[in-house]
DNA sequence: CGGGGATTTGACACATATCAAGAGCGGTGG
DNA sequence: CCACCGCTCTTGATATGTGTCAAATCCCCG
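Protein chains in written order, with the working numbering: chain B, 36 to 297; chain D, 36 to 297.
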């Protein structure tokens, strides 16, 4: 099982980390410090000078492993910390009283989880690991404290909140005005771009979620998602093999956007 | 013209304000100070002790009048300030490259405009007055400064950002999973509740936007919006007379939500 | 009083949902 | 290693909600 192997690797990494700390090696090379984290450029320290980023190291006390299918937090849980995704993949699920639910986000390394709770002190959605994952726990109170002294932190935090708003915005646009074909094209292009920003391939990746989850996110039924994948494949835009996606013609995909009825 | 009359009243009020300041009267009674603003409870000072709220008075230098149809800021404009709505009504419009646009928000007094730009320094949507309005200009740099010293301000600001996120969330839910009837019911109930929070009637109000704008916001065509209004009226849930809305049966409206196919 | 945009309503088209059946794949246990 | 089981995915046939097109009416505003 591939996922298990991943966890083992992380566990090994962690043990190594602890060992290094114990023997007093150069702290700046520890992988669980913000200042040396590979995700620096997409996560909280982004845009900060390295001395400032170093101060963030005080922020992260704990890392938590979350196995596939496990809930990181649930709607209604008390809010105390934000979580920065260190590795893995998550989905957020909102629901309304009548029981209907919708996937409202997919989250990848470097992204911040828990932002929805800032206002209310109560989480508003369930957030669940789609594969074995690891998150850095960021105590919110501490983040607020540090914001006062670390130049650029508050700014970057606002940037992240705003990015969140902008992102949801794009989805509103998508849900409000786009046809099924366009929605799926946007979805793929968005994933592609986010993978690219994290140093992964932009043209070839594995979807961590089911067709049903994609459909829920895009406001479509899973059958429609499946049909659209088939159509894209028939048109030579992508190669789909189960959850393995290869983008063959990104330009063509972009061309789907804003195209009148097929 | 009613709108013009409103502006006149505001102009008069402003002149009065300036006069009072000039003669050194009790500053705390000036209507353009946060500490004495009638919207205190829904705007930035919400939840702050009055001494703290008083410090916000340093924040607002300027108020700007925006006439109906005028643009407060445009997508692409440089970002420098947030705007707190003092009176009036606004819509935000996002657009994608191909020219399609969607109304992504309606905004009423006490709400903050410009949040979308925090991350990028560039506004991402057009924000336009739906009636003659007035906004308090909040220089962002100053807000950041003050956040460091005024206890509770940063927290409240996060609360507002989060509320924004939560709101967009609800709309995603709406766009992603609801039928036309439910969308319009939610829309009306949401407006109703926001009016209530501001001291207006929850059951009787005037829509500031066209059917087309409502449709754009809800991901529906204007004809569909119109039909749903007619249906609600036929069912005795609301009384619709042009843009004048009277909610006759709020419980019935709520009952629309989560109801299976009509 | 006239004109133009907003709204309503009807007839029809179409995209997507729904229902249903079968195939593919991954994991499990013999 | 193979057979089986369950879940995910694909594909087809049909139903339906909403969009599209069109025309008439209404209302505000000049």
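Glycine included, C-beta positions come from ideal geometry on N, C-alpha and C.
I want to check one thing, is the minimum distance from the CB of residue 82(B) to the heavy atoms of the ligand MN below 7 Å? Because no ligand of any kind appears in the structure shown, any question about the ligand MN cannot be addressed here.
I want to see whether chain D comes within less than 8 Å of residue 193(B), judged by CB atoms only; does it? Indexing the first chain from 1 puts residue 193(B) at position 158. Taking CB atoms only, residue 193(B) has a neighbour in chain D less than 8 Å away.
Between the alpha carbons of residue 117(B) and residue 119(D), how many angstroms are there, rounded? The residue you call residue 117(B) lines up with position 82 of the first chain. The residue you call residue 119(D) lines up with position 84 of the second chain. Straight-line spacing of the CA atoms in residue 117(B) and residue 119(D) works out to 28 Å.
Would you kindly work out how many angstroms separate the C-alpha atoms of residue 190(D) and residue 178(D), rounded to a whole number? Position 155 of the second chain, counting from 1, holds the residue named residue 190(D). Position 143 of the second chain, counting from 1, holds the residue named residue 178(D). Roughly 12 Å between the two C-alpha positions.
Exercise for review: With residue 8(B) as the anchor, note down where its beta strand (DSSP E) starts and where it stops.
Suggested key: Since the first residue of chain B shown is 36 and the last is 297, residue 8(B) is not available in this structure.
Beta-bridge partners of residue 264(B), as assigned by DSSP: Position 229 of the first chain holds residue 264(B). In the DSSP output, where bridge partners are listed per residue, residue 264(B) has none listed.
**Item:** Limits of the unbroken beta strand (DSSP E) element including residue 119(B)
**Value:** Within the first chain, the letter at position 84 stands for residue 119(B). Where residue 119(B) is concerned, the enclosing beta strand (DSSP E) stretches over 116-130.
Practice prompt. Give the secondary structure of residue 275(B) by DSSP, where H, G and I count as helix, E and B as strand, and everything else as coil.
Written response: By one-based count along the first chain, residue 275(B) stands at place 240. In the structure shown, residue 275(B) sits in a strand (DSSP, three-state: E or B).
Query raised in the report: How is residue 97(D) classed by DSSP in three states: helix, strand or coil?
Result: What you label residue 97(D) is simply residue 62 of the second chain in a count that begins at 1. Secondary structure at residue 97(D): strand, using DSSP grouped into helix, strand and coil.
Can you say whether residue 129(B) is buried or exposed, counting buried as having 16 or more other CB atoms within 10 angstroms of its CB?
As a first step, residue 129(B) is located in the first chain; it is residue number 94 there, counting from the start. With 16 or more Cβ atoms within 10 Å of its Cβ, residue 129(B) is classed as buried.
**Request:** Determine, using beta carbons only, whether residue 204(B) comes closer than 8 Å to chain D.
**Result:** Looking up residue 204(B) in the first chain gives position 169. Yes, because at least one Cβ of chain D sits closer than 8 Å to the Cβ of residue 204(B).
Interface flag, residue 197(D) vs chain B, CB-CB below 8 Å
In the second chain, counting from the first residue as 1, residue 197(D) sits at position 162. Closer than 8 Å to some Cβ of chain B, the Cβ of residue 197(D) qualifies, so yes.
Exercise. Going along the region 231-247 of chain B in order, which residues come within less than 8 Å of chain D, judged by CB to CB distance?
Worked result: Within the region 231-247 of chain B, no residue has a Cβ that lies closer than 8 Å to any Cβ of chain D.
request  = May I ask you to report which of helix, strand or coil DSSP gives residue 184(B)?
outcome  = If you number the first chain from 1, residue 184(B) lands on position 149. Secondary structure at residue 184(B): helix, using DSSP grouped into helix, strand and coil.
| task | Over the uninterrupted alpha helix (DSSP H) stretch that includes residue 250(B), give me the two end residues. | result | Indexing the first chain from 1 puts residue 250(B) at position 215. It spans 246-253 - the alpha helix (DSSP H) in which residue 250(B) sits, taken as one unbroken run.
- Query: Would residue 210(D) pass as a contact of residue 254(B) if the rule is Cβ separation under 8 Å?
  - Reply: Counted from its first residue, the second chain places residue 210(D) at position 175. Counted from its first residue, the first chain places residue 254(B) at position 219. Inclusion of residue 210(D) and residue 254(B) in the CB contact set at 8 Å is warranted, their separation being smaller than that value.
Per-residue DSSP class, three states only, for residue 259(D): Taking the first residue of the second chain as position 1, residue 259(D) is located at position 224. Assigned with DSSP and collapsed to three states, residue 259(D) falls in helix.
Requested in this report: Would you verify that the beta carbon of residue 282(B) is, or is not, closer than 8 Å to some beta carbon of chain D?
Outcome: Looking up residue 282(B) in the first chain gives position 247. At a cut-off of 8 Å, the C-beta of residue 282(B) has no neighbouring C-beta in chain D.
**OP:** Flag residue 73(B) as yes if its beta-carbon sits less than 8 Å from any beta-carbon of chain D, otherwise no.
**Re:** Start at 1 with the first residue of the first chain, and residue 73(B) comes out as number 38. Output row for residue 73(B): interface = no.
Short of 8 Å Cβ to Cβ, which residues in the region 137-158 of chain B face chain D? Of all residues in the region 137-158 of chain B, those with a C-beta nearer than 8 Å to a C-beta of chain D are 137, 139, 150, 151, 152, 153, 154 and 155, reading in chain order.
**OP:** Compute the distance between the beta-carbons of residue 77(D) and residue 172(D), then report whether it is under 8 Å.
**Re:** If you number the second chain from 1, residue 77(D) lands on position 42. If you number the second chain from 1, residue 172(D) lands on position 137. With a cutoff of 8 Å on beta-carbon distance, residue 77(D) and residue 172(D) are scored as not near each other.
Requested in this report: Determine the DSSP secondary structure at residue 203(D), reduced to helix, strand or coil.
Outcome: Counted from its first residue, the second chain places residue 203(D) at position 168. In the structure shown, residue 203(D) adopts helical secondary structure according to DSSP, grouped into three states.
| said: Check this for me: beta carbons of residue 206(B) and residue 207(D), under 8 Å apart or not? | reply: Here residue 206(B) is taken as the residue at index 171 of the first chain, counted from 1. Here residue 207(D) is taken as the residue at index 172 of the second chain, counted from 1. Here residue 206(B) is near residue 207(D), since their CB atoms are less than 8 Å apart.
(request) Give a yes or no on whether 8 Å exceeds the smallest Cβ distance from residue 135(D) to chain B. (result) Residue numbering aside, residue 135(D) sits at position 100 when the second chain is read from its first letter. With 8 Å as the cut-off, residue 135(D) counts as an interface residue toward chain B.
Query raised in the report: Between the region 193-203 of chain B and the region 107-116 of chain B, are three or more C-beta pairs nearer than 8 Å?
Result: Taking 8 Å as the limit for Cβ pairs, the verdict is that the region 107-116 of chain B does not touch the region 193-203 of chain B.
Cross-chain neighbours of residue 212(B) in chain D, by beta carbon under 9 Å: Translated into the one-based positions of the first chain, residue 212(B) becomes position 177. Chain D residues near residue 212(B): 131, 135, 136, 137, 251 and 254.
key: C-beta neighbour in chain B for residue 182(D), strict 8 Å   = Taking the first residue of the second chain as position 1, residue 182(D) is located at position 147. Yes, its Cβ sits closer than 8 Å to a Cβ of chain B.
C-alpha gap between residue 144(B) and residue 280(B), whole angstroms | Position 109 of the first chain, counting from 1, holds the residue named residue 144(B). Position 245 of the first chain, counting from 1, holds the residue named residue 280(B). Taking the Cα positions, residue 144(B) is about 19 Å away from residue 280(B).
Requested in this report: For residue 277(B), count neighbouring C-beta atoms within 10 Å of its own C-beta (all shown protein chains included) and say buried if the count is 16 or more, exposed if not.
Outcome: Locating residue 277(B) in the first chain gives position 242, counting from the first residue. Exposed is the call here.
(message) At the 8 Å Cβ level, is residue 77(D) part of the contact set with chain B, yes or no?
(response) In the second chain, counting from the first residue as 1, residue 77(D) sits at position 42. Residue 77(D) does not count as touching chain B.
Listed by chain order, chain D residues near residue 293(B) by CB distance under 8 Å
Locating residue 293(B) in the first chain gives position 258, where the first residue counts as 1. Under the 8 Å cutoff, chain D gives 131, 132, 133, 134 and 135.
Check: So who's on the other strand from residue 137(B), going by DSSP bridges?
Finding: Residue mapping note: residue 137(B) aligns to position 102 of the first chain, counting from 1. BP columns for residue 137(B) point to 129(B).
Taking 8 Å as the CB-CB limit, is residue 260(B) close to chain D?
In the first chain, counting from the first residue as 1, residue 260(B) sits at position 225. Judged by the 8 Å Cβ criterion, residue 260(B) is not in contact with chain D.
*asked:* Out of 122(B), 213(B), 244(B) and 126(B), which one is the CA nearest neighbour of residue 136(D)?
replied: In the second chain, the residue the question calls residue 136(D) occupies position 101. Comparing Cα positions, the closest option is 213(B).
(Q) Taking the beta carbon of residue 227(D) as the centre, do at least 16 other beta carbons fall within 10 Å, making it buried, or is it exposed? (A) For this step, residue 227(D) is matched to residue 192 along the second chain. Around the beta carbon of residue 227(D), 16 or more other beta carbons lie within 10 angstroms, which makes this residue buried.
**Residue closest to residue 294(B), alpha-carbon to alpha-carbon, out of 264(B), 271(B) and 221(B)** = Taking the first chain and counting its residues from 1, one reaches residue 294(B) at position 259. Shortest Cα-Cα distance from residue 294(B) to any of 264(B), 271(B) and 221(B) involves 221(B).
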